[in-house]
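Enquirer: Dropping the structure in here first, questions after.
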Amino acid sequence: MIHFVGAGPGAPDLITIRGAKLISEADVIIYAGSLVNPELLEMAKPGCEIFNSAEMTLEEVLTVMCKAQAKGQLLVRLHTGDPSLFGAIREQMDALEKENIPFTQVPGVSSFCGAAATLKKEFTLPEVSQSLIITRAAGRTPVKESLRELASQGVSMAIFLSGSLLDKVQEELLAGGAFTEDTPCALVYKATWPEEAFVTCRLGELSKTGESSGFRKTVMIFVGDFLGDEYERSKLYDPEFSTEYRKAKVK
Numbered sequence: 049m050i051h052f053v054g055a056g057p058g059a060p061d062l063i064t065i066r067g068a069k070l071i072s073e074a075d076v077i078i079y080a081g082s083l084v085n086p087e088l089l090e091m092a093k094p095g096c097e098i099f100n101s102a103e104m105t106l107e108e109v110l111t112v113m114c115k116a117q118a119k120g121q122l123l124v125r126l127h128t129g130d131p132s133l134f135g136a137i138r139e140q141m142d143a144l145e146k147e148n149i150p151f152t153q154v155p156g157v158s159s160f161c162g163a164a165a166t167l168k169k170e171f172t173l174p175e176v177s178q179s180l181i182i183t184r185a186a187g188r189t190p191v192k193e194s195l196r197e198l199a200s201q202g203v204s205m206a207i208f209l210s211g212s213l214l215d216k217v218q219e220e221l222l223a224g225g226a227f228t229e230d231t232p233c234a235l236v237y238k239a240t241w242p243e244e245a246f247v248t249c250r251l252g253e254l255s256k257t258g259e260s261s262g263f264r265k266t267v268m269i270f271v272g273d274f275l276g277d278e279y280e281r282s283k284l285y286d287p288e289f290s291t292e293y294r295k296a297k298v299k
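Numbering (my numbering), first residue to last: 49 to 299.
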């Protein structure tokens, strides 16, 4: 059996219980290079074979998977964050299906969730934004969705894999028309890792702030008024608001 496991955003105690159990039982582990905290590999049992996929092609990864399956071994494919986001797992799973090799997918805490915890912010605030766009800028990998079109919605945004493209990101976000140069932004480096760090700024200073911070790899970009201080109180706990479980206590 092959198990695609989300390693979480970085801190080893943020992996799921199911994910940790599978790591401890695995005969073979293929992990996503420097994006996975090496402390997680210390959970592996003695004799477990460990491969770094950063040094491998898709074909080499699949060869290890097929050999493990032929030997009746349990293999964990350890991806950063949640494997369903920018994990390149679909091509692996499709190949396994063609070989009739069974697999499971174990979710993990994504880095955008870890970054929200680092920032102590909530993406969805009443009268501010009830939506979150998760995307990336176009680099060597083409992107079908236009960053400026997405930015035109003016909702909370989490931008992956774009730390080296801050000039372009800033330009496209402003071109969307909904954000201004004063819209708050944040750059979060290695959220939940021991060396985590973040800086905040205005959108008009995003590229300049990124350059001075030195953040390039493993940095996430956040933009939107959810980073500000103005919002409306939620109706969920408002004493004037009745729900299925509670009657209004104040007229």
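From the three backbone atoms N, C-alpha and C, an ideal C-beta is built for every residue, glycine too.
Of all the alpha helix (DSSP H) runs that stay within the bounds of the segment 243 to 276, which reach a length of 4 or more residues?
Expert: Entirely contained in the segment 243 to 276, the alpha helix (DSSP H) runs reaching 4 residues are, in chain order, 254 to 261.
Enquirer: A199 and F227 - do their beta-carbons sit closer together than 8 Å?
Expert: Going by C-beta atoms, F227 is nearer than 8 Å to A199.
Enquirer: Nearest-angstrom Cα distance between A186 and F208?
Expert: A186 and F208: Cα-Cα distance of roughly 11 Å.
Enquirer: With C-beta atoms as the reference, is C233 less than 8 Å away from L251?
Expert: It is a contact, given that the beta carbons lie within the stated cut-off.
Enquirer: Give every residue of the same chain whose Cβ lies closer than 6 Å to the Cβ of W241, excluding the five residues on either side of it in the sequence, and list them in chain order.
Expert: Result list for W241: G58, in chain order.
Enquirer: Mind pulling the beta strand (DSSP E) runs of 3 or more residues that sit fully within the segment 144 to 172?
Expert: Here the runs fully enclosed are 151 to 154.
Enquirer: Can you check whether the CB of K169 is closer than 8 Å to the CB of L284?
Expert: No. Outside cutoff.
Enquirer: Mind checking if G252 is an interface residue toward chain B, Cβ cutoff 8 Å exclusive?
Expert: Annotation note: the requested chain B is absent from the structure, which comprises a single protein chain.
Enquirer: Give the straight-line distance between the Cα atoms of R300 and G202, rounded to the nearest whole angstrom.
Expert: Residue 300 lies beyond the range of the chain shown here (49 to 299); nothing can be said about it.
Enquirer: V154 and L62 - do their beta-carbons sit closer together than 8 Å?
Expert: No, these two residues do not count as a Cβ contact at 8 Å.
Enquirer: Name the two residues that bound the continuous alpha helix (DSSP H) containing V217.
Expert: V217 -> alpha helix (DSSP H) spans 214 to 223.
Enquirer: Going by beta carbon distance, what residues of the same chain come within less than 8 Å of Q140, once the five residues before and after it are set aside?
Expert: For Q140, where only same-chain residues beyond five positions count, the Cβ hits under 8 Å are F52, L106, V109, L110, M113, R125.
Enquirer: Which residues in the same chain have their Cβ closer than 8 Å to the Cβ of A92, if we skip the five residues on either side of it in sequence?
Expert: Within the same chain, A92 has close Cβ partners I71, S72, A74, I77, I98.
Enquirer: Go ahead and pull the three-state DSSP assignment for T383.
Expert: One cannot answer for residue 383 here, as it falls past the ends of the chain, which runs 49 to 299.
Enquirer: For K238 versus T266, is the C-beta spacing smaller than 8 Å?
Expert: Going by C-beta atoms, K238 is nearer than 8 Å to T266.
Enquirer: Run through the DSSP bridge pairs and tell me what F52 is partnered with.
Expert: In the DSSP output, where bridge partners are listed per residue, F52 has R125, Q153.
Enquirer: For the beta strand (DSSP E) that A234 lies in, which residues bound it at each end?
Expert: Its beta strand (DSSP E) spans residues 232 to 237.
Enquirer: On the DSSP letters alone, give me the boundaries of the alpha helix (DSSP H) that A199 sits inside.
Expert: Note, A199: alpha helix (DSSP H), 195 to 199.
Enquirer: Run the CB neighbour count on V136, radius 10 Å, all protein chains shown included, and call it buried at 16 or more, exposed below.
Expert: Note on identity: in this sequence residue 136 is Ala, with Val being the wrong assignment. With fewer than 16 other Cβ atoms within 10 Å, it is exposed.
Enquirer: Quick one: what does DSSP say M104 is sitting in, helix, strand or coil?
Expert: Three-state result, M104: coil.
Enquirer: With C-beta atoms as the reference, is V271 less than 8 Å away from L221?
Expert: A contact, by the Cβ cut-off of 8 Å.
Enquirer: For I65, is the classification buried or exposed, using 16 other Cβ atoms within 10 angstroms of its Cβ as the cut-off for buried?
Expert: Exposed, since its Cβ has fewer than 16 Cβ neighbours within 10 Å.
Enquirer: Helix, strand or coil: which one does DSSP assign to A206?
Expert: If DSSP states are grouped into helix, strand and coil, A206 belongs with the strands.
Enquirer: Whose C-beta lies closer than 6 Å to the C-beta of Q121 among residues of the same chain, with five residues either side of it excluded?
Expert: So the qualifying residues of the chain are D75, V76.
Enquirer: Give the straight-line distance between the Cα atoms of P60 and N85, rounded to the nearest whole angstrom.
Expert: Distance between the alpha carbons of P60 and N85: 7 Å.
Enquirer: Is it right to say P94 is buried, meaning 16 or more other beta carbons lie within 10 angstroms of its own, or is it exposed?
Expert: It counts as exposed.
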